[in-house]
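Below: the structure, in structure tokens.
Next comes the structure, spelled out in structure tokens:
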């Protein structure tokens, strides 16, 4: 256990005043927010079921200011939660009552574009899509495209190792970042990675990716850029059975074609999308979307091969985009899947398990059984190419007990993913949301190893404590919960 | 404790238990270990020390699902065995690991994070790592990552093992993402000087061309194009140059990957400089071999190491004394104090007794 935050300190107001007083001397005016009404917008990230008011919010504009905040917090034993755009889906940026929320969204400048080496050096608060927009005039782009790319910031992308629709071919954030500058909790600035294709020493750059703000605060990122493909086309196949759609995906991969995107939707999702948009997806049990990109000659030959595979796998209908307009239209339904599903129920809860693709039919069937058992509907969208599922659990937070039921169902779905040889989170992160399921995926030895690594960066456990890696005590308790058939002991205890 | 080479009965042997006992005995006897596969990369790094613990007997492909693009094998499995199994299904390790000798193993490949010509266009060993099972320095077996492409549960300990020169743990199994072989590959050559070749490589890398390797050696730039027949044909006619016959092309790329071109041999130290690809010709005596579209420069030279490291550093890269020369000094680019201390703490977190390959990478680790 590395979390050593002392909660027996003087009460919060006094603490706030003391810290603000020290930071005021170090930071320009307007950097600190301390009033309750100013703090409210920072109570949660995109997992809004969890809310908590931070002690204060710091909004630095420079690396030096970040260092000053961290040094002071380290000095005073105050925990720090870093936050970017706040679009995270797992509560990773949920504040702590006794802690500072370090909001990096004001550090939003593109610092340098190195066209010959295809690199862009940016601050952490730069929005993902802004990078591609900024370098478009050089024929370059930044490949990872999480669905929130219009709003999410690159610092958060690194902290979560964000994925996206195109990562089967172009990789995750970790594959597309050359270096980062981080500040450790004691205020030290450290550069990891380099401008070449590798760097000396351990691959701490990889370790920072997906570390959810527990190891260090990311203050600068150099991303790799790629030449924009000249041509892209999408083929859409409709299937009367979900397992046939799954087989089609496997056959495409086995054929030696590497699609830029390979997505799947189930009937519930297709119906929601058709009701929401005029995209005209066929009425079917499973829809496969396969995008190819590259040179025109390359795409033309591969799209024919993919269409044939879809038909051979039993597709009742195959549509291929003929123009860029048609391609965007066919994708628009997939991209609108979440808002479309949002109209089916007052709330939905998005899961993020990843499984070996061959177990798709089995896991979907288990989800169906669980959905009936818990009395909540589930619709499925799926990054089929890389096995990343997004079951969406529909519920109504205003109905007594439904949120709890949705969370319990979600936990069971994740356990089914682990059971199938997969993982509880493919791209959204553990945060606070899936922390109990970490106890299912990892052994005590492995969790302790994570805590030891955390301590190598942050010995006093001040960075984002309580997220991403559960304490062994918490897992023991979670195990006990299982024994008692889901009856939570001490229901009044705050759990985070 | 004597050197220990555990031998399996056949090509599919799980030696997890005896390896774990060996590590636990080493802890009890306070004996450091030199982890070794086939020994094909024993020349790399600082002078090995400690009792040898051989892993070549712990071998075999555990799972391979071509339609999932995932392969899991024990660390002692020969790279050749993995490559031929993949080839049977039209797939490959896209990072083209160099073997540097008979019997090169998956574990050694991972520990050294060495990658061949396709690296600049497809990714390095570290980019294809999905998961590992390992024995840590406390003698515990732990598993990190998994067999799926996307996995952000827990810290990425498995990727951390890539390039750690065996100093952080004993690798038991490795799961890799594999890729389909391109339908066709063709290679073009252009007579160019170093400067001209670097400019040309940089220009092409900024365009969406199906390039899978770009190298320069002795006045000739080599380009390899991979993809569908029509896509590669279109790029070939666009780029010009002379086409290398198929056999000559694969002989060249193999020789580059395995360092068998004449320019790799000679006197002095073989230096590996990893720099931003558009870096111009290095101001160092001797003629470089260029790989990775400019990002990797090999140089046989007697030039003062301090000067070489300075040139690499100024370019934003780093230098490794790859082969020959003094193996007791600095082999890898020295790191500053803060980064060294962080490395030390990471090493302690995984190998608190300093058991595995002490000093092999840096004297302090």
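Residue numbers (the working numbering), protein chains in the order written: chain B, 527 to 1022; chain U, 38 to 402. Where a beta carbon is used, it is the ideal one built from N, C-alpha and C, also for glycine. Everything numeric in this text was worked out from a predicted model, so none of it was measured.
Determine contact between the segment 703 to 722 of chain B and the segment 965 to 978 of chain B, defined as no fewer than three beta-carbon pairs at a distance below 8 angstroms. Two segments are said to touch when three or more pairs of C-beta atoms, one from each, lie closer than 8 angstroms; by this definition the segment 703 to 722 of chain B does not touch the segment 965 to 978 of chain B.
At a CB distance below 7 angstroms, what residues from the segment 345 to 378 of chain U approach chain B? Give them in sequence order. Only those residues of the segment 345 to 378 of chain U whose C-beta falls short of 7 angstroms from the nearest C-beta of chain B are listed: 353, 354, 355, 369, 370, 372, 375, 376.
Backbone CA spacing between residue 280/U and residue 225/U [nearest angstrom]: Along the second chain, one-based indexing puts residue 280/U at 243. Along the second chain, one-based indexing puts residue 225/U at 188. Cα to Cα, the separation comes out at about 4 angstroms.
Tell me where the alpha helix (DSSP H) around residue 98/U begins and ends. Locating residue 98/U in the second chain gives position 61, where the first residue counts as 1. It is not in any alpha helix (DSSP H) - residue 98/U instead sits in the beta strand (DSSP E) that spans 98 to 102.
Over the uninterrupted beta strand (DSSP E) stretch that includes residue 290/U, give me the two end residues. Working through the second chain from its first residue, we reach residue 290/U at position 253. From DSSP, residue 290/U is part of no beta strand (DSSP E) but of the alpha helix (DSSP H) over 283 to 294.
Under 7 angstroms Cβ to Cβ from residue 80/U, same chain only, skipping five residues before and after it: list those, please. Taking the first residue of the second chain as position 1, residue 80/U is located at position 43. Leaving aside the five residues that flank residue 80/U on each side, the residues in its chain whose CB is nearer than 7 angstroms to its CB run, in chain order, 360.
What residue range does the beta strand (DSSP E) around residue 748/B cover? Locating residue 748/B in the first chain gives position 222, where the first residue counts as 1. Unbroken beta strand (DSSP E) run through residue 748/B: 743 to 750.
Anything in chain B within Cβ reach of residue 180/U, meaning under 7 angstroms, just list it in chain order. Counting from one through the second chain, the residue named residue 180/U turns up at place 143. 972, listed in chain order.
Based on the DSSP secondary-structure assignment, which residues constitute the bridge partners of residue 753/B? Reading the first chain from its first residue, position 227 is the one you call residue 753/B. For residue 753/B, which the question treats as bridged, DSSP gives the partners 666/B.
Length of the line joining the Cα atoms of residue 745/B and residue 378/U: Translated into positions along the first chain, residue 745/B becomes position 219. Translated into positions along the second chain, residue 378/U becomes position 341. In this structure, the straight-line span from the alpha carbon of residue 745/B to that of residue 378/U is close to 20 angstroms.
Here's a check: name, in chain order, each residue in its chain whose Cβ is nearer than 6 angstroms to the Cβ of residue 108/U, leaving out the five neighbours to either side. Here the question's residue 108/U lines up with position 71 in the second chain. Apart from the 5 residues on each side of it in sequence, residue 108/U sits with its Cβ closer than 6 angstroms to the Cβ of 101, 213, 215 in its chain, given in chain order.
According to a CB-to-CB cut-off of less than 8 angstroms, which residues of the segment 180 to 199 of chain U neighbour chain B? Listed by position, the residues of the segment 180 to 199 of chain U near chain B (Cβ gap below 8 angstroms) are 180, 181, 183, 184, 185, 186, 187, 188, 189, 190, 191, 192, 193, 194, 196, 197, 199.
Within chain U, partners of residue 964/B - CB distance below 9 angstroms: Stepping through the first chain from its first residue, residue 964/B is reached at position 438. Correct list: 190, 191.
Assuming residue 208/U and residue 56/U form a contact by the criterion Cβ under 8 angstroms, report the distance between their Cβ atoms to the nearest whole angstrom. Numbered from 1 along the second chain, position 171 holds the residue referred to as residue 208/U. Numbered from 1 along the second chain, position 19 holds the residue referred to as residue 56/U. Wrong, their Cβ atoms sit about 10 angstroms apart, outside the cutoff.
Use the C-beta contact count for residue 676/B: other C-beta atoms within 10 angstroms, 16 or more gives buried, fewer gives exposed. Taking the first residue of the first chain as position 1, residue 676/B is located at position 150. Its Cβ having fewer than 16 others within 10 Å, residue 676/B is exposed.
Quick check on the DSSP output: what are the complete beta strand (DSSP E) runs of length 3 or more inside the segment 911 to 992 of chain B, in order along the chain? Entirely contained in the segment 911 to 992 of chain B, the beta strand (DSSP E) runs reaching 3 residues are, in chain order, 914 to 921.
Residue closest to residue 383/U, alpha-carbon to alpha-carbon, out of 93/U, 174/U, 335/U: Residue 383/U sits at position 346 when you count from the first residue of the second chain. For residue 383/U, the closest alpha carbon among the candidates 93/U, 174/U, 335/U is that of 174/U.
Run through chain U and tell me which residues come within less than 9 angstroms of residue 916/B, C-beta to C-beta. Position 390 of the first chain, counted from the first residue, corresponds to residue 916/B. Residue 916/B does not reach chain U, its nearest Cβ partner there being about 11 angstroms away, counting only Cβ pairs nearer than 9 angstroms.
Could you check if residue 538/B is buried or exposed, using at least 16 other CB atoms within 10 Å of its CB as the buried criterion? To locate residue 538/B, count along the first chain from 1; it is residue 12. With fewer than 16 other Cβ atoms inside 10 Å of its own Cβ, residue 538/B counts as exposed.
Taking contact to mean at least 3 C-beta pairs separated by less than 8 angstroms, is the segment 119 to 128 of chain U in contact with the segment 73 to 91 of chain U? As far as the Cβ criterion goes, the segment 119 to 128 of chain U does not touch the segment 73 to 91 of chain U, which means the pair count is below three.
Tell me, please, which residues DSSP counts as bridged to residue 551/B. Working through the first chain from its first residue, we reach residue 551/B at position 25. The partner list for residue 551/B (beta bridge, DSSP) is empty, contrary to what the question assumes.
I think residue 948/B touches residue 183/U, with their Cβ atoms under 8 angstroms apart; what is that distance to the nearest whole Å? In the first chain, the residue the question calls residue 948/B occupies position 422. In the second chain, the residue the question calls residue 183/U occupies position 146. By a beta-carbon distance limit of 8 angstroms, residue 948/B contacts residue 183/U. Their separation comes to about 7 angstroms.
Would you mind telling me which residues of chain B sit closer than 8 angstroms to residue 102/U, beta carbon to beta carbon, in chain order? Position 65 of the second chain, counting from 1, holds the residue named residue 102/U. Neighbours of residue 102/U on chain B, chain order: 882, 884.
Can you list the residues of chain B that residue 268/U reaches, using a CB-CB cut of under 9 angstroms? In the second chain, the residue the question calls residue 268/U occupies position 231. Result: 820, 821, 822, 823, 824, 825, 826, 827, 828.
For residue 847/B, the nearest candidate out of 886/B, 547/B, 761/B, 574/B (CA to CA): Within the first chain, residue 847/B is the residue found at index 321, counting from 1. Comparing Cα-Cα distances from residue 847/B to each of 886/B, 547/B, 761/B, 574/B, the minimum goes to 761/B.
If the criterion is Cβ atoms closer than 9 angstroms, does the pair residue 943/B and residue 881/B meet it? Taking the first chain and counting its residues from 1, the one referred to as residue 943/B is at position 417. Taking the first chain and counting its residues from 1, the one referred to as residue 881/B is at position 355. When the beta-carbon positions are compared, residue 943/B and residue 881/B come within less than 9 angstroms of each other.
Using the Cα positions of residue 116/U and residue 135/U, report the straight-line distance between them to the nearest angstrom. Position 79 of the second chain, counting from 1, holds the residue named residue 116/U. Position 98 of the second chain, counting from 1, holds the residue named residue 135/U. Looking at the two C-alpha atoms, the distance is approximately 9 angstroms.
Which residue from 357/U, 186/U, 223/U puts its Cα closest to that of residue 284/U? Mapped onto the second chain, residue 284/U falls at position 247. Nearest of 357/U, 186/U, 223/U to residue 284/U, Cα basis: 223/U.
Anything in chain B within Cβ reach of residue 46/U, meaning under 9 angstroms, just list it in chain order. For this step, residue 46/U is matched to residue 9 along the second chain. The premise fails here: residue 46/U is roughly 28 angstroms from chain B at the closest Cβ pair, so nothing lies under 9 angstroms.
What's the call for residue 806/B, buried or exposed, on a 16-neighbour Cβ count within 10 Å? Taking the first residue of the first chain as position 1, residue 806/B is located at position 280. By the beta-carbon neighbour count (other beta carbons within 10 angstroms, threshold 16), residue 806/B is exposed.
Which complete alpha helix (DSSP H) runs does the segment 217 to 302 of chain U hold, if anything under 4 residues is left out? With a minimum length of 4 residues, the continuous alpha helix (DSSP H) runs that stay inside the segment 217 to 302 of chain U are 231 to 242, 266 to 276, 283 to 294.
Distance CB(residue 700/B)-CB(residue 798/B) smaller than 9 angstroms: For this step, residue 700/B is matched to residue 174 along the first chain. For this step, residue 798/B is matched to residue 272 along the first chain. Not in contact: residue 700/B and residue 798/B (Cβ atoms no closer than 9 angstroms).
Expressed to the nearest angstrom, what Euclidean distance is found between the alpha-carbon atoms of residue 138/U and residue 290/U? In the second chain, the residue the question calls residue 138/U occupies position 101. In the second chain, the residue the question calls residue 290/U occupies position 253. Each residue's Cα considered, the two are about 16 angstroms apart.
Shorter than 9 angstroms from the beta carbon of residue 128/U to some beta carbon of chain B? Here residue 128/U is taken as the residue at index 91 of the second chain, counted from 1. With 9 angstroms as the cut-off, residue 128/U counts as an interface residue toward chain B.
Can you list the residues of chain B that residue 265/U reaches, using a CB-CB cut of under 8 angstroms? Position 228 of the second chain, counted from the start, is the residue given in the question as residue 265/U. Within 8 angstroms Cβ-Cβ: 823, 824, 827, 828.
Against chain U, with Cβ distances strictly below 9 angstroms, would residue 991/B count as a contact? Reading the first chain from its first residue, position 465 is the one you call residue 991/B. Under the 9 angstroms criterion on CB atoms, residue 991/B is classed as non-interfacial with respect to chain U.
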